[in-house]
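4 protein chains.
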Amino acid sequence: MQIGVAIVGCGYWGQNLIRNFWQLETAAVAMVCDEDAACLERTVRCYPTVKATRHFEEILSDTRVDGVAIATPVSTHFQLARRALEAGKHVLVEKPICQTSLEVLELMELAQRRRRVLMVDHTFLYTAAVRRMKQLIASGEIGGLLYYDSVRVNLGLVQSDTNVLWDLGPHDFSIMDHLCDLEPRSIQASAASHLDCPFEDIAYVTVRFQNSLMAHFHLNWLAPVKVRLTLVGGSKKMLVYDDLEPSEKVKVYDRGITVRHDPERRSRMLAGYRHGDMLAPQLDTTEALRLMAQEFISSIGENRTPLTDGVSGYRVVRLLEAAQQSIEQNGREIELAEPVFARSVRTSRLAVSITE
Amino acid sequence: MQIGVAIVGCGYWGQNLIRNFWQLETAAVAMVCDEDAACLERTVRCYPTVKATRHFEEILSDTRVDGVAIATPVSTHFQLARRALEAGKHVLVEKPICQTSLEVLELMELAQRRRRVLMVDHTFLYTAAVRRMKQLIASGEIGGLLYYDSVRVNLGLVQSDTNVLWDLGPHDFSIMDHLCDLEPRSIQASAASHLDCPFEDIAYVTVRFQNSLMAHFHLNWLAPVKVRLTLVGGSKKMLVYDDLEPSEKVKVYDRGITVRHDPERRSRMLAGYRHGDMLAPQLDTTEALRLMAQEFISSIGENRTPLTDGVSGYRVVRLLEAAQQSIEQNGREIELAEPVFARSVRTSRLAVSITE
Amino acid sequence: MQIGVAIVGCGYWGQNLIRNFWQLETAAVAMVCDEDAACLERTVRCYPTVKATRHFEEILSDTRVDGVAIATPVSTHFQLARRALEAGKHVLVEKPICQTSLEVLELMELAQRRRRVLMVDHTFLYTAAVRRMKQLIASGEIGGLLYYDSVRVNLGLVQSDTNVLWDLGPHDFSIMDHLCDLEPRSIQASAASHLDCPFEDIAYVTVRFQNSLMAHFHLNWLAPVKVRLTLVGGSKKMLVYDDLEPSEKVKVYDRGITVRHDPERRSRMLAGYRHGDMLAPQLDTTEALRLMAQEFISSIGENRTPLTDGVSGYRVVRLLEAAQQSIEQNGREIELAEPVFARSVRTSRLAVSITE
Amino acid sequence: MQIGVAIVGCGYWGQNLIRNFWQLETAAVAMVCDEDAACLERTVRCYPTVKATRHFEEILSDTRVDGVAIATPVSTHFQLARRALEAGKHVLVEKPICQTSLEVLELMELAQRRRRVLMVDHTFLYTAAVRRMKQLIASGEIGGLLYYDSVRVNLGLVQSDTNVLWDLGPHDFSIMDHLCDLEPRSIQASAASHLDCPFEDIAYVTVRFQNSLMAHFHLNWLAPVKVRLTLVGGSKKMLVYDDLEPSEKVKVYDRGITVRHDPERRSRMLAGYRHGDMLAPQLDTTEALRLMAQEFISSIGENRTPLTDGVSGYRVVRLLEAAQQSIEQNGREIELAEPVFARSVRTSRLAVSITE
């Protein structure tokens, strides 16, 4: 039996969702919803069996709809998701899941009470590159993590309702949180806006952890070239993840530095390079969005927590909030409280991951 | 008539200095000095007319020596330079010129009093790439500077007497200070050390200016790959400077973002991309170190201030000091006082630059 | 009024054609035809207003169909195109247009007699990169052409009915013929097959022209990496066309070699480098296939010859035929007769090109 | 005891030889010889213990000279090498060793009679990249060789006494001959000259072997960009050798194509990709020229045949001669006779290779 899905918001990303759910054998795209009639018309022309509506209520009351995928502007996520959960629907929300962590907690509580799936579309966690890196780190092959450095810059459209942090940050925060699997201790962010624009177009974010791990993010809408480069330094090996490489996106370097104390002078360190081979593993080419859509449908069908659940969304929003607070306080370091959802709980859930 | 030069410190960089001064027709390498006898012997084998000594005093008392080039460990720079100036020698010091800005001021005062040249080897300012970027920025072609982002990472030897900030930072701080030609207002830095090593091996530094310009630096000894990439965003054009490119090191992008207010809704911004051609100017291939050596000799001969004078060295050390202070205070933003040497003075001196 | 189009062959490329004609306001996709019923069903699901048939005759007799786009295996091109032209339809054929040049001539004659458009899908001629290179060469900016070197290699699927020459060659032959606009004089080709396969998987082709221009092609299905690199040497400037570059696909180098006779010894040449800037022009991002579809519809509507007409298809097949002949004769140089269609005629037609 | 060496020809490459022999503990640079007195003077300034002469005879009669390294224009190689061997000296000659294969044979015969080392400087065979590829191929890891494709192009100085084939060809022919270790059966070459120059500036060469292996070379002095790329296709794995990569010069791709017959239709092939990991082995960074110089000295000291002996020089000149003949006959395929020196003999000698 197919699971009925409705997509709310038929813009650029909404169209991607429709296409991917459409191609799943286990799902049926029952309805689409948008304020823009012309947009709905175009959609129906391609997907004639889909029912279009401009009224969100129609979706909530339609019994063919089991799950609702929300791809509207961020400011509407919370209200739409809340109403959908209250109407007994399973919910998938685009990133970032909400504008505040309190809103996410409310959705999580509601989903738990109604026994419905609450999922966030952190698409990158479904890419072959991130899945492979997760595997390499989780298996211990990389060793203890020393640093995580990410650059996501390009000539981006300055947006009229958000800044570069909330636009690009969710991608990298979700990848980092997934890969590092550690509790961040504090966050510090610097940003600048230009061009008489009220929204920041460039931001640097530093996250500190309970051990010596440091994560850093460069987010930029004003770069003349596109860069998508992440370095992960481990005590045994190091990773380079270049998302712009057509096939060799992940490179594993058997490299590092060895340090030992000078036997003659204890205060002096003797450091040496360790240079070894580089391996670029073959990655599968399944579209990440397809796997994400599949995960939503499977979670509903199997009545289980999805990989990118409310906790995942909450943890990312919490970092965004704190980074925004630091920006507004001129780069002051913001301490992060213990998260409401402890790691141990989450880690066990991660076991129900998609298989390689 | 040739100007007599002595090189103090015959290690890796000292050898480069000897080779470059040796090849100048206007200079004569009169002496070399090092603690290590074997090193002196090797040097003399290649440069048989050069006199070798293990005693710095011999250099100071030798009348054939007009200028002294100091390529010893940083902790010795100040004392050696001071003694050389006091002995009436012109002085060239490797970067960073001193360990504190007070030391630099003392050397500057001394040099002025003794009417001697005090120069620092900020080699990168003599590269064709930086000279071309300076020209592009100074001519107004790039427009007002919006951001300056620099990445200098590789698998570097963890050093036993300094951290990554003081090792790699002088390169990028000197380039940035030269190109931006603005007064920094504050500095903030985060760093981490690993491997039981007391010295930081990764550092992120943010510099704020009196306008909205923000500069950021990523310095890293633990990266599996080498990156030397600087992005400079201007209001008219943007620069990408990749020092690892064999020939196209500087790329000028006729790109940017245009923003205007929505005539219908004043609060809303309409932003658009501006995409234009990319130009990679042909760069000359003269070795930068040769030009640097030439500048030292010419400054002495013409009795003038060199491009990379004491002020240049002072401004870089001031940034290093403040960044170090921020690191030690967990990333607190450090306000920078008005520099002792005002911009206007310095700018005029820059006019006596090497010609393209 | 819209022009009715039928697509024959609903495989990978056929789907691309449907999608592009579908999006044109001036065209209406009236019918699709394929032997495979499942494939037709999938197509109709997405394009519900399209009539599907397994019988080519139905297309020929349907009055809503003005033009027929043929995306079937090469061996069927001639028969299907001939029948469509005889039925009074305009015809667009995938590359290569036919298996022999005689077949192309027959189609051309038929199209002329029936006053119908005959067009071949040499898609690359509609890319922004090739259009810009055409402009640069035609304007004289590059100077006289000295050489044309093309590499198109990757790990390709060894096909069961054709070799690498007929699979990849049409792309590069059509680009070269378009850009060089000169009469080839002879062709020579070497190829090899491996893996017990009857079809060649690697081929090298050299084309000589009436002047000293030489064109060379490396076609390879067995390469571990993908390369799409064309070098065009001109007497004034040189082009590098890298189709795998995401945005800077065309680079114009102001470079060359200058040669003059040594005034002292007349037999001796003095040669010097000329090194200048590199410019990567901004290219528009319209999908080439969209422009190609548009050109077919416009040609029909305006009753004119398309850019990639029968002559274009004929000239490419003539080169493929001769190259194949050379392969079969162990690399013997094959002289090319004067083409049936003189350059002058064709050049004038090229004036009716798509505008930049 | 040190072996005495004289370098004849103190130009660009001669200086490299002097520097490398100078640094060997087992060698003593006794003399240098050049027609140009100024050049000799500059050399002696740097290497004060070396005796300089403009007369080749002085070298031959000096008993401190055991081996003579010849780095003069190609046209003088044979006469200088012959005279040195007749005088009882061991001889190292720059590439190409001679202008004709007959000359090489005469030198080989002479060297054998006088029991002296005859060696050619095929430097690339001493690089870490080529040594690693040799190891990979010889060990069987790559499988049977399917093709060898090499591109060596740049903006080169058009030379006044040779063409691009004889200038660049020796590099690639020597690497290919070393790696493939098979008897070439025929050679075919096309070339063109431009710019009123009598010498070809672009050449394509195809070499056929007794099995289906095909080797191809693109040599070009007129390319705006520098390319040094070799692809080696094997039945098990494939190699990409990019000499411009700073560290990852050799990449081993676990990739290929599998072909099997369709069980239903015997004439039809079913082909599939095989996509696996890529490995870039860590390469040592010893300068190749140092190893080459060492090999000359060791061969003399150990009274053995060097890796790049007369046979190696002969085999390369034989290919150059045949390729030149093909160029002069408009690309006719030239059959290669059985070489005077059979493979079996040579292969055994290769066992005395430098160790990894």
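Protein chains in written order, with my numbering: chain A, 90 to 445; chain B, 90 to 445; chain C, 90 to 445; chain D, 90 to 445.
Cβ coordinates follow ideal geometry from the N, Cα and C atoms, glycine included.
These numbers come from a predicted model, not from an experiment.
Chain-order list of residues whose beta-carbon lies under 7 Å from that of residue i (same chain, five-residue window excluded)
{"i": "C:Asn392", "result": "none"}
{"i": "B:Asp151", "result": "Ala119 and Met120"}
{"i": "D:Gly103", "result": "Ile96 and Ala160"}
{"i": "D:Trp111", "result": "Val118 and Tyr136"}
{"i": "C:Met90", "result": "none"}
{"i": "B:Ala173", "result": "Leu149, Val157 and Val180"}
{"i": "C:Asp331", "result": "Arg317, Leu318 and Lys338"}
{"i": "B:Gly323", "result": "Ile231, Gly232, Gly233, Leu234 and Leu235"}
{"i": "A:Pro162", "result": "Asp250"}
Listed by chain order, chain B residues near residue i by CB distance under 7 Å
{"i": "D:Cys449", "result": "Within the shown structure, residues of chain D are numbered from 90 to 445, placing residue 449 of chain D beyond reach of any answer."}
{"i": "C:Pro370", "result": "Asp366"}
{"i": "C:Glu337", "result": "Met367"}
Burial state of residue i, where buried means 16 or more other Cβ atoms lie within 10 Å
{"i": "C:Ser433", "result": "The pLDDT assigned to C:Ser433 is 40, lower than 50, so where the model puts this residue is not dependable; a value taken from the coordinates is nonetheless given after this. So C:Ser433 ends up on the exposed side."}
{"i": "A:Lys325", "result": "exposed"}
{"i": "C:Pro137", "result": "exposed"}
{"i": "C:Ser164", "result": "exposed"}
{"i": "D:Gly402", "result": "buried"}
{"i": "C:Ser228", "result": "exposed"}
{"i": "D:His283", "result": "buried"}
{"i": "A:Thr487", "result": "Here chain A covers residues 90 to 445 and nothing more, so residue 487 of chain A does not appear."}
{"i": "D:Ser239", "result": "buried"}
{"i": "D:Thr374", "result": "exposed"}
{"i": "B:Leu196", "result": "buried"}
6 Å CB neighbourhood of residue i in its chain, flanking five on each side removed
{"i": "A:His260", "result": "Phe213"}
{"i": "B:Leu225", "result": "Ile231"}
{"i": "C:Thr295", "result": "Gln277 and His305"}
{"i": "A:Cys99", "result": "Val121, Asp123, Cys128 and Thr132"}
{"i": "A:Met367", "result": "Lys340 and Tyr342"}
Beta-carbon separation (whole angstroms), residue i vs residue j, contact threshold 8 Å
{"i": "B:Pro370", "j": "B:Arg221", "result": "6 Å"}
{"i": "D:Val193", "j": "D:Asp210", "result": "14 Å between Cβ atoms; not a contact."}
{"i": "B:Arg143", "j": "B:Asp123", "result": "7 Å"}
{"i": "D:Leu328", "j": "D:Val316", "result": "The Cβ separation is near 16 Å, so there is no contact."}
{"i": "D:Ala116", "j": "D:Leu129", "result": "Going by Cβ atoms, the distance from D:Ala116 to D:Leu129 rounds to 20 Å, so no, they are not a contact pair."}
{"i": "B:Ile389", "j": "B:Val206", "result": "5 Å"}
7 Å Cβ cut-off: residues of chain C touching residue i
{"i": "D:Ala197", "result": "The sequence given here has Met at residue 197 of chain D, not Ala. Within chain C, no residue comes near D:Met197; the closest Cβ sits about 32 Å away, beyond 7 Å."}
{"i": "D:Arg344", "result": "Leu244 and Pro313"}
Neighbour list for residue i in chain D, Cβ cutoff strictly below 9 Å
{"i": "C:Gln299", "result": "By Cβ distance, chain D contributes nothing, its closest Cβ being about 13 Å from C:Gln299, past 9 Å."}
7 Å Cβ cut-off: residues of chain D touching residue i
{"i": "C:His283", "result": "Leu235 and Ser301"}
CB contact below 8 Å: residue i versus chain G
{"i": "C:Asn309", "result": "Protein chains in the displayed structure are A, B, C and D, and chain G is not among them."}
Interface partners of residue i on chain A, CB under 8 Å
{"i": "B:Thr295", "result": "Ser279, Tyr293 and Gly420"}
{"i": "B:Val329", "result": "Pro313 and Val314"}
Cβ-based neighbour list, residue i, same chain, cut-off 8 Å, excluding 5 preceding and 5 following
{"i": "A:Lys184", "result": "Val209, Asp210, His211, Thr212, Pro259, His260, Ser263, Gly402 and Val405"}
Jot down the residue ranges of each uninterrupted beta strand (DSSP E) in the region 157–203 of chain D, minimum 3 residues, whole runs only, in chain order.
-> 179–183
At 3 residues or longer, and completely inside the region 275–334 of chain B: list those beta strand (DSSP E) runs for me, N to C.
-> 291–298, 303–309, 311–323 and 327–331
Completely contained beta strand (DSSP E) runs for the region 91–166 of chain A, where each covers 3 or more residues = Runs found: 92–97, 116–122, 140–142 and 156–159.
Return the chain-ordered ranges of every alpha helix (DSSP H) run that is complete within the region 355–403 of chain A and spans a minimum of 4 residues.
-> 377–391
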